[in-house]
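S.K.: As given, the protein sequences belong to chains L and C, one line each in that order. At the far end of the first sequence sits residue 425, using our numbering, and the numbering has no gaps. At the far end of the second sequence sits residue 328, using our numbering, and the numbering has no gaps. All C-beta atoms, glycine included, are put in the ideal place defined by N, C-alpha and C.
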Amino acid sequence: MFAYTIRRLLAAIPILIAATFIVFWLVSLTVDPVTEEFAGLNPPPPQQTIDLERHRLNLDQGFFVQYFDWLRNLVTHGTFGPALNPATDINSELYHRLGVTMRLIVSAMVLALVLAIITGVLSAYRQYTRFDYTATFFGFLFLAMPTFWIAQLLKTGGITFNEAIGTRLFFTIGETSDIPPDGWWNQFLDVVGHMILPTLSLALITYAAWSRFQRAAMLDVLNSDYIRLARAKGLKPRQVLVKHALRTALIPMTTASALTIATIFGGAVITETVFQWQGMGKFLVQSVLTHDRNATMAWLVVAGTFVIVGNLIADLLYAVLDPRIRYG
Amino acid sequence: MADTAARTPATPTIPSPRRPADGEFTIRERSQWVQVLRRFLRHRAAVVSLFVFIFLVVLAFVGPTLWKYSYTDISSPGGSPPTLNNPFGTDNIGHDNFARVLRGMQQSLKVGFSVMILATGIGAPYGAISGLLGGRVDTLMMRVCDTLLVIPLLAIAAAIGSGAGGTIVVVSLVLGLLGWAVMARIVRGVTLSLREQEFIEAARAMGASTLWIVFRHVLPNVVGAIIVQATLDIAVAVLVESALSFLGVGIQPPDTSLGALTNLARPSVDTQWWLFYAPGVMIILIALTINFIGDGLRDAFDPRQTRQRR
């Protein structure tokens, strides 16, 4: 298992490097950040300033030199290069924001998984009942909702609810209060209060696709011969459902959820924008709007790493779920 | 088959009520496509969705030519809630919101369809070739897919879209050229089981080239999976485009899209709710109907999973 993990991690490195190359190339095709940065300045800055700025950002080199310098910097020093704004340090900025975003993503994924497995299993077990139809309808509805729409809806709903009961139960702006309350317990509550609505909006979007998938996988399993055998042996329905059926039905689900991680990162960007969190999402939007190439690349590398790690965890989970799979 | 009876009333093979059902087998042979159609028609939500979706497409592409305002007109009273004259209200400048929503739908659907065509056109042959060749080529080609799947599509599309200028062409190209990996994986999966079958072997034995086998033998047999995924690709593209426009890096003014409209309306969602909800509901309607159609198509092409009773 350990050797397999190491081998998988090593195999993931070329993928990550290839991904950075593609992204670096695509982003460099689009627009010159320095021209954009100085555009519309009156009087226009002297050529020397422009040249110095290009040199600082390593833009005065050829494309391949730029890329390999960037890669070498990342591998040897672990830095993402200078940001467009000289006062910003990309590494420390991302480091501070990573926790905020991961908090959102992980809790949303856990919530979505729990919801999806429960509704998926029940939908399959009670196929074509009212529960199944209701769950299917809501699944399709959430699947069709843009993330920002559901986030904005929950935000408006939360504000209305707060006004109705006269206290502030849901926080709708930021990831913590500007002035954190005293005591660690109150601070914890403050963080949780800020997290409820964003987590819910990200989880609902994610849950929709997963529950459909879980239902299909579960239906496949429930109609198989070994489940009929388990029933015929006289096992309790609950035991058949949880021990025999669910375990097998979780295997395709693991693949599906691992493939969605990249999408969830995108969804987190939207959710953070709506709820005005100071997370990685805000960082990405700012970098993209200012055409800050190094910052955008840094975001993508961090997100890509997490996607790869997520896929690896999924692969290792296969072995837990399916005893036939052994990683040597 | 009522139409058979109507067209050929004189045929003696029509079973008369007196004849027992276990007599000669008289029903006309059903081709695969007829079966698919019949199974699709049984999925009520999908059929309703298909009609709603066709209505939305017609509304988006024909509606603007018939409607009295164009999306650039600013002749309406500013900031008015929905009235008979402006059924979706107006914004502060005096744009008719209905005309703008129609334009937004048109642009969103255009993006959806072009992304679907691009993603299918690249992904399906790619997956088929990869699965058919197998071995090291397959591994390498799938690594390319893995690479694309590692990159969050929204983020990279945002990065490129903001640099290249947000026109509908750029957005469609970026989403289509980066979003075909899922299609490729699905087609490859089906191809892997197809390539061991005799008809592929026979084609090989007769000296058919790989490309011939791909387009002539493999892809026609994967068409069900391709159509289902292509349908869902439209919905995904519409949603991603709206998210891009929402972040301000999608389709730029003076043109508009459903996502851009909702983004503009977001600050005043409490006071001018019609500006936010009208385009949003249209996004949901488009994506919802497409997903239902996709679901119906999946049932129609793969009946294994639907009508099973325990």
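Between L:Q428 and chain C, is any beta-carbon pair separated by less than 8 angstroms?
M.R.: Residue coverage of chain L in this structure runs from 98 to 425, which leaves residue 428 of chain L outside it and unanswerable.
S.K.: Alpha carbon to alpha carbon, how far is L:V124 from C:I178? Give it in angstroms, no decimals.
M.R.: Sequence index remark: in the second sequence, residue 178 of chain C carries index 160 (1-based). Sequence index remark: in the first sequence, residue 124 of chain L carries index 27 (1-based). The alpha-carbon atoms of C:I178 and L:V124 are separated by roughly 6 angstroms.
S.K.: Kindly list, in the order they appear in chain C, the residues whose Cβ is closer than 9 angstroms to that of L:G331.
M.R.: Working through the first sequence from its first residue, we reach residue 331 of chain L at position 234. In chain order: nothing, as chain C lies at least about 17 angstroms away.
S.K.: Go ahead and pull the three-state DSSP assignment for C:T108.
M.R.: Working through the second sequence from its first residue, we reach residue 108 of chain C at position 90. Looking at C:T108 - three-state DSSP - the assignment turns out to be strand.
S.K.: With a threshold of 8 angstroms between beta carbons, is C:F69 in contact with chain L?
M.R.: Counted from its first residue, the second sequence places residue 69 of chain C at position 51. For C:F69, the answer is no, since every Cβ of chain L falls outside 8 angstroms of its Cβ.
S.K.: Could you tell me the boundaries of the alpha helix (DSSP H) in which C:G130 lies?
M.R.: Numbered from 1 along the second sequence, position 112 holds the residue referred to as residue 130 of chain C. Per DSSP, C:G130 belongs to the alpha helix (DSSP H) from N115 to L151.
S.K.: Classify C:R327 as helix, strand or coil using the three-state DSSP reduction.
M.R.: As a first step, residue 327 of chain C must be located in the second sequence, where it is residue number 309. For C:R327, the pLDDT reaches just 40, beneath the cut-off of 50, and the residue's location in the model is therefore unreliable, although a value from the coordinates is still provided. If DSSP states are grouped into helix, strand and coil, C:R327 belongs with coil.
S.K.: Is it right to say L:G331 is buried, meaning 16 or more other beta carbons lie within 10 angstroms of its own, or is it exposed?
M.R.: Numbered from 1 along the first sequence, position 234 holds the residue referred to as residue 331 of chain L. Under this definition L:G331 is an exposed residue.
S.K.: Between which two residues does the alpha helix (DSSP H) carrying C:D251 extend?
M.R.: The residue labelled residue 251 of chain C in the question sits at position 233 within the second sequence. It spans L237 to L265 - the alpha helix (DSSP H) in which C:D251 sits, taken as one unbroken run.
S.K.: In the DSSP assignment, the alpha helix (DSSP H) including L:M206 goes from what residue to what residue?
M.R.: Stepping through the first sequence from its first residue, residue 206 of chain L is reached at position 109. I187 to Y222 is the span of the alpha helix (DSSP H), which, as asked, contains L:M206.
S.K.: Judging by CA-CA distance, which residue of C:R203, C:W198 and C:H235 is the nearest neighbour of C:E216?
M.R.: Working through the second sequence from its first residue, we reach residue 216 of chain C at position 198. Taking only the C-alpha atoms, the option nearest C:E216 is C:H235.
S.K.: Got a sec? Which residues, its chain only, sit under 6 angstroms from L:A305 by beta carbon, not counting five neighbours each side?
M.R.: Mapped onto the first sequence, residue 305 of chain L falls at position 208. Once the five neighbours on either side are set aside, the close Cβ partners of L:A305 are G236, F239 and L240.
S.K.: Does L:L168 come out as helix, strand or coil in the three-state DSSP assignment?
M.R.: Working through the first sequence from its first residue, we reach residue 168 of chain L at position 71. Helix, per DSSP.
S.K.: Give the secondary structure of C:D164 by DSSP, where H, G and I count as helix, E and B as strand, and everything else as coil.
M.R.: Position 146 of the second sequence holds residue 164 of chain C. It is helical.
S.K.: When DSSP labels each residue in this structure, what does L:Y225 get in the three-state scheme?
M.R.: Your numbering for residue 225 of chain L matches position 128 in the first sequence. Coil.
S.K.: Check the Cβ-Cβ distances between L:A232 and every residue of chain C, and say whether any is below 8 angstroms.
M.R.: By one-based count along the first sequence, residue 232 of chain L stands at place 135. Closer than 8 angstroms: no.
S.K.: Since I believe L:A392 is in contact with L:I187 (beta carbons under 8 angstroms), could you give me their beta-carbon distance rounded to a whole number of angstroms?
M.R.: Against the first sequence, residue 187 of chain L aligns to sequence position 90. Against the first sequence, residue 392 of chain L aligns to sequence position 295. Contact holds; Cβ gap of about 5 angstroms.
S.K.: Cα-Cα, which of L:V385, L:Y101 and L:I293 is closest to C:A173?
M.R.: In the second sequence, residue 173 of chain C corresponds to position 155, counting from 1. Minimum Cα distance to C:A173 is reached at L:V385.
S.K.: Counting only C-beta atoms, is L:A116 closer than 8 angstroms to chain C at any point?
M.R.: As a first step, residue 116 of chain L must be located in the first sequence, where it is residue number 19. For L:A116, the answer is yes, since a Cβ of chain C falls inside 8 angstroms of its Cβ.
S.K.: Less than 8 angstroms between the CB atoms is what I'm expecting for L:I405 and L:L113, so what's the real figure, rounded?
M.R.: Here residue 405 of chain L is taken as the residue at index 308 of the first sequence, counted from 1. Here residue 113 of chain L is taken as the residue at index 16 of the first sequence, counted from 1. With 8 angstroms as the limit, L:I405 and L:L113 qualify as a contact, their Cβ atoms being about 6 angstroms apart.
S.K.: Helix, strand or coil for L:R265 per DSSP?
M.R.: Within the first sequence, numbered from 1, the residue matching residue 265 of chain L stands at position 168. In this structure, L:R265 counts as coil in the three-state DSSP scheme.
S.K.: Could you tell me whether the segment 392 to 403 of chain L touches the segment 316 to 332 of chain L, where touching means 3 or more Cβ pairs closer than 8 angstroms?
M.R.: They do not touch, by the three-pair rule.
S.K.: By how many angstroms is the C-alpha of L:F165 removed from the C-alpha of C:L136?
M.R.: Here residue 136 of chain C refers to the residue found at position 118 when the second sequence is read from its first residue. Here residue 165 of chain L refers to the residue found at position 68 when the first sequence is read from its first residue. Their backbone Cα atoms lie some 31 angstroms apart in a straight line.
S.K.: In its own chain, which residues sit with a C-beta less than 6 angstroms from the C-beta of C:R222, not counting the 5 before and 5 after it?
M.R.: The residue given as residue 222 of chain C occupies position 204 in the second sequence. Once the five neighbours on either side are set aside, C:R222 has no close Cβ partner at all.
S.K.: Would DSSP call C:W198 helix, strand or coil?
M.R.: By 1-based counting over the second sequence, the position of residue 198 of chain C is 180. Correct three-state label for C:W198: coil.
S.K.: Note down, in chain order, all residues in the segment 166 to 196 of chain C with a beta-carbon under 7 angstroms from any beta-carbon belonging to chain D.
M.R.: Among the chains of the structure shown, chain D does not appear; the protein chains present are L and C.
S.K.: Look at C:T165 and L:A395 and say whether their C-beta atoms are less than 8 angstroms apart.
M.R.: Here residue 165 of chain C corresponds to residue number 147 of the second sequence, with the count starting at 1. Here residue 395 of chain L corresponds to residue number 298 of the first sequence, with the count starting at 1. Taking 8 angstroms as the Cβ cut-off, C:T165 and L:A395 do not qualify as a contacting pair.
S.K.: Taking 8 angstroms as the cut-off, decide whether the C-beta atoms of L:E272 and L:Q145 are in contact.
M.R.: Within the first sequence, the letter at position 175 stands for residue 272 of chain L. Within the first sequence, the letter at position 48 stands for residue 145 of chain L. Not in contact: L:E272 and L:Q145 (Cβ atoms no closer than 8 angstroms).
S.K.: Please check the pair C:A146 and C:V240, which I expect to be a contact at CB under 8 angstroms, by giving their CB distance rounded to whole angstroms.
M.R.: Position 128 of the second sequence, counted from the first residue, corresponds to residue 146 of chain C. Position 222 of the second sequence, counted from the first residue, corresponds to residue 240 of chain C. Contact flag correct, Cβ pair sits at about 7 angstroms.
S.K.: Looking only at C-alpha atoms, which of L:H152, L:Q158 and L:M242 sits nearest to C:N309?
M.R.: Sequence index remark: in the second sequence, residue 309 of chain C carries index 291 (1-based). Considering only alpha carbons, the answer is L:M242.
S.K.: Check distances from the C-beta atoms of the segment 380 to 392 of chain L to those of chain C and list, in chain order, the residues that come in under 7 angstroms.
M.R.: Against chain C - using a Cβ distance shorter than 7 angstroms - the residues of the segment 380 to 392 of chain L are L381, V382, V385, L386 and H388.
S.K.: Please report how far the alpha carbon of C:A261 lies from the alpha carbon of L:N155, in whole angstroms.
M.R.: Position 243 of the second sequence, counted from the start, is the residue given in the question as residue 261 of chain C. Position 58 of the first sequence, counted from the start, is the residue given in the question as residue 155 of chain L. Approximately 32 angstroms between the Cα atoms of the pair.
S.K.: Go through its chain and collect everything with a Cβ distance to L:P183's Cβ below 8 angstroms, but skip five positions before and after it.
M.R.: Here residue 183 of chain L is taken as the residue at index 86 of the first sequence, counted from 1. Closer than 8 angstroms at Cβ, skipping near neighbours: R153.
S.K.: By how many angstroms is the C-alpha of L:I410 removed from the C-alpha of L:A359?
M.R.: If you number the first sequence from 1, residue 359 of chain L lands on position 262. If you number the first sequence from 1, residue 410 of chain L lands on position 313. Cα to Cα, L:A359 sits roughly 14 angstroms from L:I410.
S.K.: Would you call C:A318 buried or exposed, if buried means 16 or more other Cβ atoms sit within 10 Å of its Cβ?
M.R.: Counted from its first residue, the second sequence places residue 318 of chain C at position 300. So C:A318 counts as buried.
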